[in-house]
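Protein sequence lines correspond, in order, to chains A and B.
All letters in the first sequence, in the order written, are residues 14 to 348 by my numbering.
All letters in the second sequence, in the order written, are residues 16 to 349 by my numbering.
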Amino acid sequence: MKTKQYKSLLEVKDLQTYFKTDAGIVKAVDGISFDLNEGETLGIVGESGCGKSVTNLSIMRLIQSPPGKIVGGEIFFEGLDILKLPENELRKIRGNEISMIFQDPMTSLNPFLKISTQMVETIRLHQKMSHKEALAKSIQMLQLVGIPVAEEKIYYYPHQFSGGMRQRVMIAMALSCEAKILIADEPTTALDVTIQAQILDLIVELTKKMNTAVILITHDLGVVAGMCDNVCVMYAGKIVEKAKTMELYKNPAHPYTEGLIKSVPRLDRAHKGRLFSIEGQPPNVIDLPDCCPFHPRCHKVMDVCQHHYPPTKDLGDQHEVACWLYVDEKEFPND
Amino acid sequence: MTNDKPLLEVVDLKQHFPIEAGFIIKRQIGTVRAVDGISFEVREGETLGIVGESGCGKSTTVRSISQLYKPTSGSVTFDGIDMINASKDQLLDARKNMQMIFQDPYASLNPRMTVRTIISEPLEIYRKRGMLDESFTKEAIEERVEDLMERVGLSRFFKNRYPHEFSGGQRQRIGIARALALNPKMILADEPVSALDVSIQSQILNLLHDLQDEYGLTYMFIAHDLAVIEYISTRIAVMYLGKIMEISRSRDLYKNPLHPYTQALLSAAPIPDPVVEKKRQRIILSGDVPSPDVEREGCYFYDRCKYRMEKCKSNIPPMKEMDKEHEVACWLYE
Numbered sequence: 014m015k016t017k018q019y020k021s022l023l024e025v026k027d028l029q030t031y032f033k034t035d036a037g038i039v040k041a042v043d044g045i046s047f048d049l050n051e052g053e054t055l056g057i058v059g060e061s062g063c064g065k066s067v068t069n070l071s072i073m074r075l076i077q078s079p080p081g082k083i084v085g086g087e088i089f090f091e092g093l094d095i096l097k098l099p100e101n102e103l104r105k106i107r108g109n110e111i112s113m114i115f116q117d118p119m120t121s122l123n124p125f126l127k128i129s130t131q132m133v134e135t136i137r138l139h140q141k142m143s144h145k146e147a148l149a150k151s152i153q154m155l156q157l158v159g160i161p162v163a164e165e166k167i168y169y170y171p172h173q174f175s176g177g178m179r180q181r182v183m184i185a186m187a188l189s190c191e192a193k194i195l196i197a198d199e200p201t202t203a204l205d206v207t208i209q210a211q212i213l214d215l216i217v218e219l220t221k222k223m224n225t226a227v228i229l230i231t232h233d234l235g236v237v238a239g240m241c242d243n244v245c246v247m248y249a250g251k252i253v254e255k256a257k258t259m260e261l262y263k264n265p266a267h268p269y270t271e272g273l274i275k276s277v278p279r280l281d282r283a284h285k286g287r288l289f290s291i292e293g294q295p296p297n298v299i300d301l302p303d304c305c306p307f308h309p310r311c312h313k314v315m316d317v318c319q320h321h322y323p324p325t326k327d328l329g330d331q332h333e334v335a336c337w338l339y340v341d342e343k344e345f346p347n348d
Numbered sequence: 016m017t018n019d020k021p022l023l024e025v026v027d028l029k030q031h032f033p034i035e036a037g038f039i040i041k042r043q044i045g046t047v048r049a050v051d052g053i054s055f056e057v058r059e060g061e062t063l064g065i066v067g068e069s070g071c072g073k074s075t076t077v078r079s080i081s082q083l084y085k086p087t088s089g090s091v092t093f094d095g096i097d098m099i100n101a102s103k104d105q106l107l108d109a110r111k112n113m114q115m116i117f118q119d120p121y122a123s124l125n126p127r128m129t130v131r132t133i134i135s136e137p138l139e140i141y142r143k144r145g146m147l148d149e150s151f152t153k154e155a156i157e158e159r160v161e162d163l164m165e166r167v168g169l170s171r172f173f174k175n176r177y178p179h180e181f182s183g184g185q186r187q188r189i190g191i192a193r194a195l196a197l198n199p200k201m202i203l204a205d206e207p208v209s210a211l212d213v214s215i216q217s218q219i220l221n222l223l224h225d226l227q228d229e230y231g232l233t234y235m236f237i238a239h240d241l242a243v244i245e246y247i248s249t250r251i252a253v254m255y256l257g258k259i260m261e262i263s264r265s266r267d268l269y270k271n272p273l274h275p276y277t278q279a280l281l282s283a284a285p286i287p288d289p290v291v292e293k294k295r296q297r298i299i300l301s302g303d304v305p306s307p308d309v310e311r312e313g314c315y316f317y318d319r320c321k322y323r324m325e326k327c328k329s330n331i332p333p334m335k336e337m338d339k340e341h342e343v344a345c346w347l348y349e
């Protein structure tokens with residue numbers, strides 16, 4: 014096996030995932046790159062259909078093919094290219110080194126099996142443990158995520174838990190093999206605010222304790238603000254801006270990011286009158302022309318935006334943005 | 016804009032649903048107390064926001080008010096009409112002035128109807144019964160549909176399209192146009208922006224805001240997102256397990272929440288600013304919302320409250336007026 018010296022735990026380079034449909038090719042993820050370091054929490058924000066979930070399914074190689082296909086790019090996990098691994102090697106990583114929590118805990122747990130069966134199965138698949146040891150480990154994990162009377166509740170079926178409790182079970186399962194990366198795909202979207210606060214606190218606490226890196230996918234800018242070290246903002250299959258969380262909220266560079274931050278009403282500010290809003294609809298990602306996909310909705314649109322996709326510019330201090338506003342006019346393509 | 020005359024008055028409204036068992040012979044084995052005795056008023060021209068977690072009874076409340084459910088007890092007076100005991104004709108008349116917008120823009124529009132039929136349906140219903148002005152001919156209705164579409168930000172050329180041809184935000188606009196068709200005085204909006212993306216959400220909130228200014232509408236607005244509720248409302252009622260815990264002016268609620276539940280709810284809501292967010296102290300409530308199928312003798316929030324006292328266990332706290340616009344149901348303030 015080729016293993017190169019790696020500098021980040023996970024490196025995604027120019028990943029492209031396309032879906033073939035009757036209407037044309039959907040470029041759900043179109044050339045995105047990011048790194049994830051040990052113990053880091055990375056947020057991926059964007060609206061529905063921007064490709065944030067597909068990005069993470071691609072990392073796990075869970076894209077259903079056909080219609081989907083990873084057509085380009087590389088994903089290095091500890092220096093190992095996930096996209097080139099054979100299926101049996103991949104299984105050692107999936108669910109073990111990189112695990113995932115999904116949005117809806119009702120559909121991601123098997124309703125026919127007891128929690129005990131599902132957890133023991135996961136643990137025994139990846140670790141050499143007897144059934145008894147795996148069961149003990151499962152109970153211990155459930156206790157860790159704050160499920161009361163875990164030794165009894167482990168014999169429950171998923172429907173016997175509430176939504177918040179089910180999400181706790183999912184987290185317990187995801188972390189039961191001491192994963193190095195936890196991908197959380199909208200883990201709290203289906204939950205109420207007070208339960209959301211419980212679950213987010215739990216994720217922070219456990220991943221700090223286990224030094225797990227987290228990729229948090231969400232559309233909620235408030236959740237990102239509280240949890241993430243770095244943020245990627247996605248729009249129409251591309252990362253339009255990447256920065257440290259503090260920097261992103263203080264100096265949003267891309268007009269889309271700026272619009273997103275301004276269009277959410279804030280509890281802690283007195284505001285009356287109209288909200289800032291991004292006009293128009295998110296674009297259809299089928300056969301997108303080679304321009305900035307945001308230009309029809311942008312309030313700072315220029316001529317060049319309508320014909321060419323902007324290059325990614327480094328603004329310093331790990332702040333990157335793909336927008337013509339930050340490109341020197343001399344570098345504009347002339348045609 | 017707001018004057019103090021209440022347009023809608025709700026007194027001790029209860030909505031209980033039977034839990035039935037048995038296959039052929041049904042018998043009642045319990046009651047879900049979805050709304051368990053709430054009182055409030057909505058004044059002309061204001062927006063009353065109702066906030067609470069799922070299952071707290073906020074949707075049931077608006078459905079009971081609009082008589083989509085028959086309330087178990089209590090009274091609902093809208094525009095001088097006693098809604099619960101109103102005759103069918105009276106109710107029809109009242110409903111002309113009280114329209115609803117629903118949460119799911121996919122489920123609330125009939126997929127087999129064109130946008131024109133959807134928006135004109137309320138007008139057609141009232142025209143057939145002769146409850147509209149004489150002037151409403153077929154042509155006038157057509158014109159009204161087009162005006163409404165333009166008003167909510169849809170092109171009039173879309174009127175022959177079907178709902179599936181629109182995005183979520185546009186569908187919600189169709190729903191709003193339908194609600195406006197009869198020129199109502201009041202709109203009951205049940206989570207109208209919860210299913211929408213952030214950028215679309217702000218468009219719809221702005222639209223609702225503009226419409227209120229333009230037509231002097233009164234809103235009852237339900238949401239679980241506190242920031243949205245705080246933005247759109249004049250006053251906010253916080254609900255928990257079918258009870259109102261606190262009613263306050265919107266701008267005071269964040270600054271001065273009195274009920275322990277409101278405090279927890281506000282502190283749990285994330286604020287999109289890392290500087291503020293990293294400094295905040297969260298009050299994390301333990302446990303889940305208990306089941307609403309038991310009759311309670313004490314405070315409904317007792318199980319999860321960290322300030323609970325002996326008194327709370329067996330006495331239901333009444334609404335206490337703290338100042339003119341701020342009421343709270345908690346024994347701490349007695």
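Quick reminder that beta carbons are idealized off the backbone N, C-alpha and C, glycines included.
The structure displayed is predicted, hence computed values, not measured ones.
Open item on the list: So, for A:Thr258: in the same chain, excluding its five sequence neighbours on each side, which residues have a beta-carbon less than 8 Å away from its beta-carbon?
Closed with: Gly56, Val237, Ala238, Cys241, Asp242, Asn243 and Val244
TODO: State yes or no: is the C-beta of A:Asp198 within less than 8 Å of the C-beta of A:Asn69?
DONE: yes
TODO: Measure the alpha-carbon distance for B:Val47 versus A:Leu234 and round it to whole angstroms.
DONE: 36 Å
TODO: Compile a chain-ordered list of the residues in the region 205-222 of chain A whose CB is closer than 9 Å to at least one CB of chain B.
DONE: Asp205, Val206, Thr207, Ile208, Gln209, Ala210, Gln211, Leu213 and Asp214
Task: Closest residue to B:Asn198 among B:Leu241, B:Ile65, B:Glu336 and B:Asp108 (Cα-Cα distance) - done: B:Asp108
Open item on the list: To the nearest angstrom, how far is the alpha carbon of B:Lys260 from that of A:Met223?
Closed with: Residue identity differs from the one stated: residue 260 of chain B is Met in this sequence, not Lys. Roughly 40 Å between the two C-alpha positions.
- [ ] Please confirm if B:Asn271 has its CB atom under 8 Å from at least one CB of chain A.
- [x] no
- [ ] Determine the burial state of A:Gln77: buried for a count of at least 16 other Cβ atoms within 10 Å of its Cβ, exposed for fewer.
- [x] exposed
- [ ] Quick one: list the residues of chain A neighbouring B:Gly184, beta-carbon separation under 9 Å, in chain order.
- [x] Gln294
Task: Meets three-Cβ-pair contact criterion under 8 Å: the region 37-49 of chain A and the region 297-313 of chain A - done: yes
TODO: Please report how far the alpha carbon of B:Arg144 lies from the alpha carbon of B:Gly184, in whole angstroms.
DONE: 33 Å
- [ ] Please classify B:Ile262: does DSSP put it in a helix, a strand, or coil?
- [x] strand
TODO: Please decide whether B:Ala122 counts as near chain A, where near means a Cβ-Cβ distance under 8 Å.
DONE: no
Open item on the list: In the DSSP output, what is A:Phe32 paired with across the bridge?
Closed with: A:Val39 and A:Gly81
Task: Contact with chain B by A:Asp117, beta-carbon distance below 8 Å - done: no
- [ ] Answer with buried or exposed for B:Lys338, where buried requires no fewer than 16 other C-beta atoms within 10 angstroms of its C-beta.
- [x] Looking at the sequence provided, one finds Asp at residue 338 of chain B rather than Lys. Answer is exposed; the Cβ neighbour count stays below 16.
Open item on the list: Output needed for A:Phe289: all residues of its chain with C-beta closer than 8 Å, excluding positions within five of it in sequence on either side, in chain order.
Closed with: Gly272, Lys275 and Ser276
Task: chain B within 8 Å of A:Leu301, Cβ atoms only - done: no
Task: Nearest neighbour of B:Leu203, chosen from B:Glu136, B:Ile191 and B:Ser209 [CA to CA] - done: B:Ile191
TODO: Using alpha carbons as the reference points, say which of B:Lys328, B:Leu256 and B:Phe172 lies closest to B:Ile65.
DONE: B:Leu256
Task: Three-state secondary structure (DSSP) of B:Tyr255 - done: strand
Open item on the list: Quick check on B:Asp108: does DSSP put it in helix, strand or coil?
Closed with: helix
Open item on the list: Rounded to whole angstroms, what is the Cα-Cα separation between A:Asp306 and B:Gln278?
Closed with: In the sequence under discussion, the amino acid at residue 306 of chain A is Pro, which differs from the Asp named in the question. So the alpha carbons of these two residues sit roughly 42 Å apart.
Task: Residue closest to B:Gln227, alpha-carbon to alpha-carbon, out of B:Ser81, B:Ile262, B:Asp119 and B:Ser248 - done: B:Ser248
TODO: Just tell me which of A:Leu75, A:Lys82, A:Thr120 and A:Met247 has its CA closest to the CA of A:Ile106.
DONE: A:Leu75
Open item on the list: I'd like the ranges of any alpha helix (DSSP H) spanning at least 4 consecutive residues and lying wholly in the region 68-130 of chain A.
Closed with: 100-106 and 118-121
Open item on the list: By DSSP's criteria, A:Lys326 is part of a beta bridge. Which residues make up the other side?
Closed with: A:Val334
Task: Per DSSP, cross-strand counterpart(s) of A:Ile252 - done: A:Met247
Task: Interface residues of the region 227-253 of chain A facing chain B [CB-CB below 8 Å] - done: His232, Asp233, Leu234, Gly235, Val236, Val237, Ala238 and Gly239
- [ ] Kindly list, in the order they appear in chain B, the residues whose Cβ is closer than 7 Å to that of A:Thr258.
- [x] Pro289
- [ ] Classify A:Leu49 as buried or exposed, calling it buried when 16 or more other Cβ atoms lie within 10 Å of its own Cβ.
- [x] buried
Open item on the list: Is the beta carbon of A:Leu98 closer than 8 Å to that of A:Ile83?
Closed with: no
TODO: Can you have a look at B:Ile40 and say buried or exposed, based on whether 16 or more other CB atoms are within 10 angstroms of its CB?
DONE: exposed
Task: 8 Å contact criterion, which B:Cys345 and B:Leu273 should meet: CB distance rounded - done: 7 Å
- [ ] Could you tell me the distance, in whole angstroms, from the CA atom of A:His267 to the CA atom of A:Ala335?
- [x] 7 Å
Open item on the list: Beta-carbon within less than 7 Å of A:Pro346's beta-carbon, same chain only, minus the 5 sequence neighbours each way: which residues are those?
Closed with: His321
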